[in-house]
Amino acid sequence: MSDKADVWQGTLSVMVLKTLETLGPLHGYGIARRIEQTSGDLLSVNYGTLYPALLKLEQEGYVTSEWGVSDNNRKAKYYKLTRAGRKQLLREARDWEQANAILARFLSPGEKSS
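In my numbering, the protein residues as written are 327 to 440.
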């Protein structure tokens, strides 16, 4: 049994967009590995969740894809961040920062509600 947690609901798209912004074009396996590495191997990326998320991001115009050859000489679909994807990443990052700040108000010790 793995100690890794699944990626939290609503966070996968921002993780994918940030990964592509940081590393450039990657195939699905590379995106998944990078997310897991960045989490310190605390998260596990479910491929049944990743590929539908990539398809949705592509349909929304935030990523584009094209077929290429992976490092191990296999055919792979590579995903690339678009200009709209960069703007969406900024929006999502801002939204997560705001949500984090709100949640911190509830979790801060010593805070009293009025």
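Glycine included, each C-beta is placed from N, C-alpha and C at the ideal position.
Tell me which residue opens and which closes the alpha helix (DSSP H) that residue i is part of.
| i | result |
| --- | --- |
| residue 375 | 373-385 |
| residue 388 | It is not in any alpha helix (DSSP H) - residue 388 carries neither H nor E in the DSSP assignment. |
| residue 344 | 338-349 |
| residue 426 | 409-433 |
| residue 356 | 354-364 |
May I ask you to list the residues that DSSP assigns as paired with residue i?
| i | result |
| --- | --- |
| residue 492 | The displayed coordinates of the chain run from 327 to 440. Any statement about residue 492 would go beyond what the structure contains. |
When burial is assigned at 16 or more other CB atoms within 10 Å of the CB, is residue i buried or exposed?
| i | result |
| --- | --- |
| residue 339 | buried |
| residue 336 | exposed |
| residue 428 | exposed |
| residue 417 | exposed |
So, residue i versus residue j, is the Cβ gap smaller than 8 Å?
| i | j | result |
| --- | --- | --- |
| residue 347 | residue 412 | yes |
| residue 388 | residue 414 | yes |
| residue 384 | residue 371 | no |
| residue 395 | residue 401 | yes |
| residue 360 | residue 349 | yes |
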